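One structure is given here, and the rest of the page talks about it.
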């Protein structure tokens, strides 16, 4: 585990214990839960970025799913977070070194983008994260040709150069994903380039950065990972609409609590 990942987990644990004012029901009207890599689980019974994870997200009532796109040797776009198959599937081989047919023979559970679009695009909003290096814009256009950008999907990237190389997608469909060292830069870049907006960690995308984005009413924003009740309450009270999570069942249960419309005024 990297230092940044350890720090992130520590922060998440702290915020999961810090009581927050219970939001009123009116704050829920625009909230959209997004299953990060689908609604997978820690025990890997439902594995991330698989059809099972996306189907579970749909069944749990999610508004959207986020997933990662890699490209095979023959430029077929497939869904997997890592560039190799080692972490999830125990195969120490790079996806970019395999044809799609070879990949399917090796790990049939890895879906193609075309399959995800066919099965879920009219039921869930698709947040499609593009991994660098990405050189398959033509294939991406073909896979998404029957969908409406912004209405049906957004494209995500941590690498601003990917979007700079694009010419066939409207800028409003492009969302930058900020890291710990470029939040201000990405917010400014999104405003300058008229991108759709910025996503990021709930601490990094703080109220100051939100105000920066809100100078353009068309900018959108979302935060993650919201995996506890009090983290959920915090973001609802901040008016955040798009909430990315690795624990959708917990968030759904929090939103369905009896007496949710009663404001708990114990905490400020």
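Numbering (UniProt numbering), first residue to last: 1 to 268. Just so it is clear, CB atoms sit at the ideal spot from N, CA and C, and this is done for glycine as well. Note that the structure is a prediction, hence the values are computed from the model and not measured.
Would you check if the distance between the CB atom of residue 43 and the CB atom of residue 68 is smaller than 9 Å? no
Tell me the DSSP secondary structure of residue 96 in three-state form. helix
So, at 6 Å on beta carbons, what are the nonlocal neighbours of residue 53 in its own chain, with the 5 sequence-adjacent residues on each side left out? 38, 39, 40 and 46
Determine the DSSP secondary structure at residue 84, reduced to helix, strand or coil. strand
Could you check the C-alpha separation between residue 210 and residue 175 for me, to the nearest Å? 14 Å
Could you tell me how far apart the beta carbons of residue 241 and residue 32 are, in whole angstroms, since I believe they sit closer than 8 Å? 6 Å
Give me the Cβ distance between residue 84 and residue 92, rounded to the nearest whole Å; I'm assuming they're in contact under 8 Å. 7 Å
Are residue 79 and residue 108 close, meaning C-beta to C-beta below 9 Å? no
Proximity below 9 Å, CB of residue 132 to CB of residue 157: yes
Quick one: grab the DSSP three-state call for residue 256. coil
Counting only runs that start and end within the stretch 188-233, where is the beta strand (DSSP E) found for 3 or more residues in a row? 197-201 and 220-224
Contacts around residue 136, its chain only, beta-carbon distance under 8 Å, and the 5 residues preceding and following it disregarded: 71, 75 and 77
Taking 8 Å as the cut-off, is the CB of residue 36 close to at least one heavy atom of the ligand MG? No copy of the ligand MG appears in this structure; indeed no ligand is present at all.
CB contact flag (residue 216, residue 184, <9 Å): no
Could you say which of 4, 232 and 154 lies nearest to residue 252 if we only look at CA atoms? 232
Opening and closing residue of the alpha helix (DSSP H) in which residue 244 lies: Per DSSP, residue 244 belongs to no alpha helix (DSSP H); it is in the beta strand (DSSP E), 242-245.
Would the beta-carbon of residue 199 fall within 9 Å of that of residue 244? yes
Please check the pair residue 129 and residue 66, which I expect to be a contact at CB under 8 Å, by giving their CB distance rounded to whole angstroms. 6 Å
Over what stretch of residues does the beta strand (DSSP E) that includes residue 66 continue unbroken? 64-71
Could you pull the start and end residues of the alpha helix (DSSP H) that residue 275 belongs to? With the chain running from 1 to 268 in the structure shown, residue 275 is simply not present.
Residues bridged to residue 91 [DSSP beta-bridge criterion]: 85
In the DSSP assignment, find the alpha helix (DSSP H) that holds residue 128 and state where it starts and stops. Run containing residue 128: none in the alpha helix (DSSP H); it sits in the beta strand (DSSP E), 125-130.
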